[in-house]
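K.L.:
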């Protein structure tokens, strides 16, 4: 996030005809030891532990015409950016949460608070954004575990106890109950059904 915002500001400065700095810059993560370098680069007092990552510019800066301004190209670029941001907002957060869960599961069940911190977000902001997308952390956790469980069960070399630990369960019985809740059957029975050869004449 830090690098992305810095690159965006640097690109704006390179294309502008005069120096550009935001009036405010916000970051969701806590202040680093080198926070003074943030103030120096962004040219304003940078705030940390905020609900979102953003830069705020004054109206005069936003209304300033760039030396390379081309009206038709600008409109086309606006459409591309809007479409990209819409797609990014719809998909990226759930994908990032899912990937973080996958990375953390072998070490135990990751808490929502831990995942939020690893994504440089406050817990409240993560919950709010997932809710706005019609999702939740628990839903993503269950869906991720279910998908991984089904994949692992296809590998006959993996023991059920090993799969349990890979999915973050300390006890196989907890995995068994969760899998039955997801699928209506036990992991053992599911594995038998998947590996059972098709009846003659049905293949």
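In this note's numbering, the protein residues as written are 57 to 259. Every residue gets a Cβ at the ideal spot worked out from N, C-alpha and C, and that includes glycine. As the structure is a prediction and not an experimental result, all values here were calculated from the model.
Do you know how far the Cα of residue 200 is from the Cα of residue 159?
P.N.:
Distance between the alpha carbons of residue 159 and residue 200 is about 11 Å.
K.L.:
Can at least three beta-carbon pairs, one atom from the region 174-193 and one from the region 82-92, be found at a separation below 8 Å?
P.N.:
Yes, the region 174-193 is in contact with the region 82-92.
K.L.:
Is DSSP giving residue 153 helix, strand or coil here?
P.N.:
Residue state, collapsed to three classes: helix.
K.L.:
Extract the residue ranges of the beta strand (DSSP E) inside the region 217-254, only unbroken runs of 3 or more that lie entirely within it.
P.N.:
Runs found: none.
K.L.:
Could you give the first and the last residue of the continuous alpha helix (DSSP H) run that contains residue 197?
P.N.:
Here the alpha helix (DSSP H) through residue 197 covers 193-209.
K.L.:
Identify the continuous alpha helix (DSSP H) that holds residue 172 and give its terminal residues.
P.N.:
Looking at the DSSP string, the run of the alpha helix (DSSP H) that includes residue 172 is 168-174.
K.L.:
Measure how close the beta-carbons of residue 71 and residue 122 come, nearest whole angstrom, since I'm counting them as under 8 Å.
P.N.:
Right, the Cβ-Cβ distance comes to about 6 Å (below 8 Å), so this counts as a contact.
K.L.:
Tell me the rounded alpha-carbon separation between residue 191 and residue 182.
P.N.:
Taking the straight line from one Cα to the other gives about 11 Å.
K.L.:
Which residues in the same chain as residue 210 place their Cβ atom closer than 7 Å to its Cβ, once the five residues preceding and following it in sequence are excluded?
P.N.:
Here the set comprises 250.
K.L.:
Roughly how many angstroms lie between the CA atoms of residue 135 and residue 67, to the nearest whole one?
P.N.:
Spanning the two alpha carbons is a distance of roughly 19 Å.
K.L.:
Under 6 Å Cβ to Cβ from residue 222, same chain only, skipping five residues before and after it: list those, please.
P.N.:
162.
K.L.:
Return the first residue and the last residue of the beta strand (DSSP E) that residue 81 is part of.
P.N.:
Taken as a continuous stretch (DSSP letters only), the beta strand (DSSP E) holding residue 81 covers 80-82.
K.L.:
Between residue 99 and residue 77, how many whole angstroms is the CB-CB distance? I'm expecting something under 8 Å.
P.N.:
That belief holds up - the Cβ atoms of residue 99 and residue 77 are roughly 3 Å apart, short of 8 Å.
K.L.:
With 16 other CB atoms within 10 Å as the buried threshold, where does residue 171 fall?
P.N.:
Per the 10 Å Cβ criterion, buried.
K.L.:
Just reading off the beta strand (DSSP E) that residue 111 is part of, what are its end residues?
P.N.:
Counting along the chain, the beta strand (DSSP E) containing residue 111 begins and ends at 110-112.
K.L.:
Leaving out five residues before and five after residue 79 in sequence, what residues of the same chain have Cβ atoms less than 8 Å from its Cβ?
P.N.:
So the qualifying residues of the chain are 100, 112, 113 and 114.
K.L.:
Would you kindly work out how many angstroms separate the C-alpha atoms of residue 132 and residue 107, rounded to a whole number?
P.N.:
Looking at the two C-alpha atoms, the distance is approximately 31 Å.
K.L.:
Quick one: is the Cβ of residue 95 within less than 7 Å of any heavy atom of the ligand SAH?
P.N.:
As presented, the structure is devoid of all ligands, the ligand SAH included, so that no description of it is given.
K.L.:
For chain B, find out if any of its Cβ atoms is closer than 8 Å to the Cβ of residue 245; answer yes or no.
P.N.:
In the structure shown, chain B cannot be found, because there is only a single protein chain.
K.L.:
Report back the beta-carbon spacing between residue 203 and residue 235 to the nearest angstrom; my notes put them in contact at under 8 Å.
P.N.:
Contact doesn't hold; Cβ gap of about 12 Å is too wide.
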